[in-house]
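Step one of this worksheet: look at the structure below.
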Amino acid sequence: GIQVEQSPPDLILQEGANSTLRCNFSDSVNNLQWFHQNPWGQLINLFYIPSGTKQNGRLSATTVATERYSLLYISSSQTTDSGVYFCAGHGSGNTGKLIFGQGTTLQVKP
Amino acid sequence: DTAVSQTPKYLVTQMGNDKSIKCEQNLGHDTMYWYKQDSKKFLKIMFSYNNKELIINETVPNRFSPKSPDKAHLNLHINSLELGDSAVYFCATARGAEAFFGQGTRLTVV
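Chains as they are written, first to last, in this note's numbering: chain E, -3 to 106; chain C, 18 to 127.
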């Protein structure tokens, strides 16, 4: 079955709006990370968040490991937030292999 | 200094050629990876090395051969390039469970 699933697949926002991206993950996945792939293709670490809540400026993330989901909140979105947001977690076996979701493509319009 | 750097950033080559992509990290991490991002933006692991030793080979064709001359470098050599090899290739390192990615190499096979 699907190990890491993200929703929504696509999101269009007006600048200044808030949004929530969701990542569901299976029992065989843990140690969640969120990444932002900007329009230039760079993969930027946002949060390493196996559990709990973290905040960094306008972004925050919460992982509820017992319920197998993580949420990424973007507040007061800006055009520079556009790109693809990925969540990824480690598969079983302690190999360090990251299993990625299919991504949420965010477009923030001015 | 860039923590994980890949060269080249772009690579356009003809079918049948052999090419290499280089990756260097200055983070002092023991584990390095190669990931492939296909045209649908899906990211999947190819190889993992820990202290120069191959840990994961994720059923990648034999035409792909990783080489780790030392802990700071993990290069990817590809023989007899095929059209289907066109993708973005990412090098990554890990500190514990947290991964850090290079800027990617966009390979186009024509």
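Note that beta-carbon positions come from the ideal geometry of N, C-alpha and C, so glycine has one too.
Asked: Verify the CB distance criterion: does leucine 60 (chain C) have a CB-CB separation below 8 Å to chain E?; Found: yes
Asked: Can you give me the start and stop residues for the beta strand (DSSP E) that asparagine 27 (chain E) sits inside?; Found: 26 to 33
Asked: Between asparagine 41 (chain E) and chain C, is any beta-carbon pair separated by less than 8 Å?; Found: yes
Asked: Tell me, please, whether the CB atom of tyrosine 69 (chain E) is closer than 8 Å to any CB atom in chain C?; Found: no
Asked: At a Cβ threshold of 8 Å, is leucine 7 (chain E) touching chain C?; Found: no
Asked: Quick check on the burial criterion: 16 or more other C-beta atoms within 10 angstroms. Buried or exposed for serine 56 (chain C)?; Found: exposed
Asked: In this structure, how does DSSP classify glycine 7 (chain C) when only helix, strand and coil are distinguished?; Found: Coverage of chain C is limited to positions 18 through 127, which leaves residue 7 (chain C) absent and any answer about it impossible.
Asked: Closer than 6 Å by C-beta to glutamine 10 (chain E): which residues in its own chain qualify, once you throw out the five before and the five after it? Chain order, please.; Found: Lys105
Asked: Is any beta-carbon of chain E found at less than 8 Å from that of serine 65 (chain C)?; Found: yes
Asked: Name the residues in the segment 86 to 106 of chain E whose C-beta lies less than 7 Å from a C-beta of chain C; which are they?; Found: His86, Thr91, Gly92, Lys93, Leu94, Phe96, Gln98 and Gly99
Asked: Give me the DSSP bridge partner(s) of phenylalanine 82 (chain E).; Found: E:Phe31
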